[in-house]
Structure formats: structure tokens, C-alpha cells
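In our numbering, the protein residues as written are 51 to 247. Heads up, the beta-carbon is just placed ideally off N, CA and C, and yes, glycines get one too. In this text the structure is predicted, and so the values were computed from the model without any measurement.
Shown next as C-alpha cells:
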């Protein structure tokens, strides 16, 4: 994969994806950069940030999509976490939750451990892997117009989908979400109208 194909600024892409967010959109983040990017786009009680749960974001998203079928669920995760959770992606493809979208921020590197080349940096195309598993739709995105189209697709609940956002390999300053797991759980439950005790 050539660097010329990786055009998106990740902060701008995530901010654009979450702009004009609908009231029924629940967001789950993978650990590290996806959490920092979603936080930088604006903290929200309907955001569930995962800390130390590498590989778990997609399955948390699936659980939410099944438990809250009237809501749209967006998982924002990285290419390394998606590769770690291929079994999770296969389960999502089989379950076919119409209200779940996985957005993979793909910089082709392990951004949290020193920017070593990742599987996608060596040619693995996650959108094609997800398509072979049976996702309702998949796409690879490298421009902001396509990010805007993805934003609209999430709200339309177009079926279980996976979009790979091709981003530049860079590490902007971290914008840390809250780290208190009980606080995050309680505020998320409250945003869904559930008791917090």
C-alpha cells in the first residue's frame, strides 16, 4: 500500500464522521488512538471508551446493537484491533445487526507501540476480508466526501457494515477521555435511561 493512498487526517475524518450526530447514535471506541480521536471530536455521554480491552470494541458494539435495536451503533477502532478481532468480525457478519457499523482507522501501522508496519501496511485489505465474511456492505474510504457519505449511511441503518478509513500515519497529541470505568459505565447507562446503581 503506497503512502499516496493514505490521504485522510484522522482527527478531521473522525470529527466529520461524528458531526451532526443523531440523538440515537451510540459510539464505542477501541483503545488508544480511536478513543483519543472520538474524545477530540467532543465528549458525549453516549460514547463508551474502552481502556485496556484490545480486540473487544467490535463485540461490545455487537452486544449494544442487539440490546438496543432502535439505536444506531458505531464502533470506531484501529486496524490492529480489527486484525486481532477477526473472529469478532466473523460473528458480526453472521449475526447481521442492521444497526451496527464498524469504522476502522487504518494507518497501516501499530501506532501505540512505535509505528511498526501492521498487517494492513503489508497488504491485508480489511474491507475485502469483511466482505468475504458476509458483511452487508464494506468500503475503503480515502476522501472526506466518502466520510460524509458514511455518516449518512450510519443514520440510515443500512445493515451491518465495515468501512476502512485510510488515514495518515501520524500521532497527534492525545486527548484523553475519562479513565474511570465505573463513571463511564454509569453515564452511558444514564444516557440510555437505565439506573446507575
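Kindly examine the ligand NAP and report whether one of its heavy atoms sits closer than 7 Å to the Cβ of residue i.
{"i": "residue 202", "result": "With respect to small molecules bound, the structure shown includes none, and the ligand NAP cannot be examined in it."}
Could you work out which residue in the options is closest to residue i when comparing CA atoms only?
{"i": "residue 173", "options": "182, 158, 186", "result": "158"}
{"i": "residue 223", "options": "85, 75, 77", "result": "85"}
{"i": "residue 213", "options": "221, 220, 202", "result": "202"}
{"i": "residue 144", "options": "116, 237, 124, 81", "result": "116"}
{"i": "residue 60", "options": "238, 176, 154, 239", "result": "154"}
{"i": "residue 95", "options": "169, 237, 190, 137", "result": "237"}
{"i": "residue 103", "options": "80, 119, 114, 118", "result": "80"}
{"i": "residue 71", "options": "221, 220, 218, 200", "result": "200"}
Which of helix, strand or coil does DSSP assign to residue i?
{"i": "residue 75", "result": "strand"}
{"i": "residue 235", "result": "helix"}
To which residues of the same chain is residue i closer than 6 Å at the C-beta, ignoring the five residues directly before and after it?
{"i": "residue 121", "result": "74, 76"}
{"i": "residue 78", "result": "98, 107, 110, 111, 125"}
{"i": "residue 57", "result": "192"}
{"i": "residue 150", "result": "111, 115, 123, 210"}
Measuring CB to CB, does residue i end up less than 8 Å from residue j?
{"i": "residue 215", "j": "residue 156", "result": "yes"}
{"i": "residue 126", "j": "residue 88", "result": "yes"}
{"i": "residue 205", "j": "residue 146", "result": "no"}
{"i": "residue 65", "j": "residue 225", "result": "no"}
{"i": "residue 171", "j": "residue 134", "result": "no"}
{"i": "residue 231", "j": "residue 148", "result": "no"}
{"i": "residue 92", "j": "residue 128", "result": "no"}
{"i": "residue 190", "j": "residue 177", "result": "yes"}
Less than 7 Å between C-beta atoms, sequence neighbours within five positions excluded: which residues of the same chain meet that for residue i?
{"i": "residue 234", "result": "98, 99, 228"}
{"i": "residue 181", "result": "188"}
{"i": "residue 140", "result": "183"}
Who are the near neighbours of residue i in its chain, counting only those whose CB is closer than 8 Å to its CB and skipping five residues on each side?
{"i": "residue 101", "result": "81, 85, 229, 231"}
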